[in-house]
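Participant: Next up is a structure, given as structure tokens.
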Amino acid sequence: QLEWQKCELRGESPAACRGHTLTAHHDKDIYLFGGKSTNEDGTETSSNQIHKLSIAKKKWKVPLYVGIPPTRRHGHAAFILHSHLYVFGGRNEEQDFGDLKVMKLINPSERQPVMKEILSEFGLQGISHSFTPTKVPNVRYELSESAPPTQPRAAAAQLQAFTHRDFCVVQDQAMKMIQAAFSLLDQEFRRLDREKSELFKASAVLQRDKEAHEAQRKQQQQELKEMLEKHRSQNEAWLQARAEENDRERRELCRLREEVSQEQEKLKEEQTIIQKRSEHLLSIMQQFK
1 QLEWQKCELR GESPAACRGH TLTAHHDKDI YLFGGKSTNE DGTETSSNQI
51 HKLSIAKKKW KVPLYVGIPP TRRHGHAAFI LHSHLYVFGG RNEEQDFGDL
101 KVMKLINPSE RQPVMKEILS EFGLQGISHS FTPTKVPNVR YELSESAPPT
151 QPRAAAAQLQ AFTHRDFCVV QDQAMKMIQA AFSLLDQEFR RLDREKSELF
201 KASAVLQRDK EAHEAQRKQQ QQELKEMLEK HRSQNEAWLQ ARAEENDRER
251 RELCRLREEV SQEQEKLKEE QTIIQKRSEH LLSIMQQFK
């Protein structure tokens with residue numbers, strides 16, 4: 001006959017939700033992940049929490065893990081294969097997902113140190129954060145020397161032939177040479193100004209990249225600090241809960257041991273009384289013989 005029964009569960013039970021997944025791990029545990037719940041103000045919020053139900057103990061637990069968990073979601077698919085929990089797809093209040101996340105299911109005794117795992121997840125092991133200054137190339141700015149115009153020998157001979165020396169031609173040539181030199185100098189200064197402007201722009205881009213890198217580094221350090229704090233609090237809560245549970249079980253064992261000891265003392269006393277009565281009856285029977 002088929003019959004429904006209510007299971008009395010202990011431990012940290014998950015909040016009421018829908019759109020979550022329940023996945024069985026062999027015949028020992030059931031893993032619950034994600035889901036969507038309604039807040040007091042009527043808004044709906046997705047979750048990325050994971051809970052484990054021990055079938056033998058009928059007790060909920062929040063397992064400890066390392067790494068970045070999947071984004072909050074509901075309506076996803078989940079399955080367990082070779083002791084690995086796979087989560088695919090789903091959606092939340094902001095977007096739909098098509099990613100695949102996996103977590104290895106391990107026992108508490110097999111866990112590695114949390115700090116080492118988290119640092120390796122972020123790729124921070126063996127990386128140097130020392131600052132190396134940028135080398136600016138040594139650019140040389142030189143003006144090419146122009147060869148002085150050579151006067152033909154025939155023109156020199158004609159100048160010597162004149163009795164009246166006219167310097168207008170020489171003055172015009174000198175002015176043209178000076179103007180050409182200043183024009184060349186102006187071109188070189190314009191080129192130098194352009195290169196200086198490009199150098200300033202490159203320096204500004206480098207400064208912005210440096211500031212963005214510094215901001216990203218600070219953000220990663222803050223996220224790492226928050227994650228470490230979260231795992232520390234979870235570890236302390238888990239250890240405190242295990243200690244309290246162990247103390248309760250030990251007190252219960254002590255109480256049972258004391259009760260058994262008292263029962264043994266009572267049995268010994270009753271056995272002594274019965275032994276004395278038997279001896280008394282035996283002596284009476286011997287008197288009548």
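If you're matching positions, the sequence shown starts at 1 in UniProt numbering and goes up one per residue.
Even glycine gets a Cβ: it sits at the ideal position worked out from N, Cα and C.
Remember, predicted model here, so these are calculated numbers, not experimental data.
Run through DSSP, which three-state label would residue 238 get?
Facilitator: Position 238 of the sequence shown holds residue 238. In the structure shown, residue 238 sits in a helix (DSSP, three-state: H, G or I).
Participant: Let me know if residue 33 comes out buried or exposed under the rule of 16 or more other beta-carbons within 10 Å of its beta-carbon.
Facilitator: Here residue 33 corresponds to residue number 33 of the sequence shown, with the count starting at 1. Buried: at least 16 other Cβ atoms inside 10 Å.
Participant: Is residue 147 buried or exposed, if buried means 16 or more other CB atoms sit within 10 Å of its CB?
Facilitator: Along the sequence shown, read from residue 1 onward, the residue named residue 147 stands at position 147. The pLDDT assigned to residue 147 is 42, lower than 50, so where the model puts this residue is not dependable, and the model offers no usable value.
Participant: What's the C-alpha gap between residue 200 and residue 46?
Facilitator: Along the sequence shown, one-based indexing puts residue 200 at 200. Along the sequence shown, one-based indexing puts residue 46 at 46. Computed Cα separation, rounded: 49 Å.
Participant: The beta strand (DSSP E) spanning residue 82 covers which residue range?
Facilitator: To locate residue 82, count along the sequence shown from 1; it is residue 82. Residue 82 -> no beta strand (DSSP E), and no H or E assigned at all.
Participant: Using DSSP with H/G/I as helix, E/B as strand and the rest coil, what is residue 13?
Facilitator: The sequence position of residue 13 within the sequence shown is 13, counting from 1. Coil.
Participant: Output the boundary residues of the beta strand (DSSP E) element that contains residue 38.
Facilitator: As a working mapping, residue 38 is identified with position 38 in the sequence shown. Here the beta strand (DSSP E) through residue 38 covers 36-38.
Participant: Go ahead and pull the three-state DSSP assignment for residue 91.
Facilitator: Here the question's residue 91 lines up with position 91 in the sequence shown. Three-state DSSP puts residue 91 in a strand.
Participant: Restricting to Cα atoms, I'd like to know which of 282, 68, 64 is closest to residue 236.
Facilitator: Taking the sequence shown and counting its residues from 1, the one referred to as residue 236 is at position 236. Of the candidates 282, 68, 64, the one whose C-alpha sits nearest the C-alpha of residue 236 is 64.
Participant: Starting from residue 51 and walking both ways along the beta strand (DSSP E), at which residues does that stretch end?
Facilitator: Position 51 of the sequence shown holds residue 51. Looking at the DSSP string, the run of the beta strand (DSSP E) that includes residue 51 is 50-54.
Participant: With three or more C-beta pairs closer than 8 Å as the rule, is the stretch 260-269 touching the stretch 81-98?
Facilitator: The answer is no - the stretch 260-269 does not touch the stretch 81-98, with fewer than three Cβ pairs under 8 Å.
Participant: Spell out a yes or no on whether the stretch 15-23 and the stretch 36-43 are touching, meaning 3 or more CB-CB pairs, one atom from each, closer than 8 Å.
Facilitator: Touching, yes.
Participant: Return helix, strand or coil for residue 41, following the three-state DSSP convention.
Facilitator: Along the sequence shown, one-based indexing puts residue 41 at 41. In this structure, residue 41 counts as coil in the three-state DSSP scheme.
Participant: What residue from 62, 196, 1 has the CA that sits closest to residue 290's CA?
Facilitator: For the chain, the structure presents residues 1 to 289; residue 290 sits outside this window and is missing.
Participant: Reducing DSSP to helix, strand and coil, say where residue 284 ends up.
Facilitator: As a first step, residue 284 is located in the sequence shown; it is residue number 284 there, counting from the start. Here residue 284 sits in helix by DSSP.
Participant: For residue 32, which residues does DSSP report across the bridge?
Facilitator: For the purposes of this step, residue 32 is taken as the residue at position 32 of the sequence shown. Answer by DSSP bridge pairing, in chain order: 22, 51.
Participant: Could you compute how far the alpha carbon of residue 286 sits from the alpha carbon of residue 276?
Facilitator: The residue labelled residue 286 in the question sits at position 286 within the sequence shown. The residue labelled residue 276 in the question sits at position 276 within the sequence shown. Taking C-alpha positions only, residue 286 is separated from residue 276 by approximately 15 Å.
Participant: Can you list, in chain order, the residues of its chain whose CB lies under 7 Å from that of residue 78, leaving out five sequence neighbours each side?
Facilitator: The count along the sequence shown starts at 1 and reaches residue 78 at position 78. Cβ neighbours of residue 78 beyond the five flanking positions: 21, 23, 33, 85, 86, 87.
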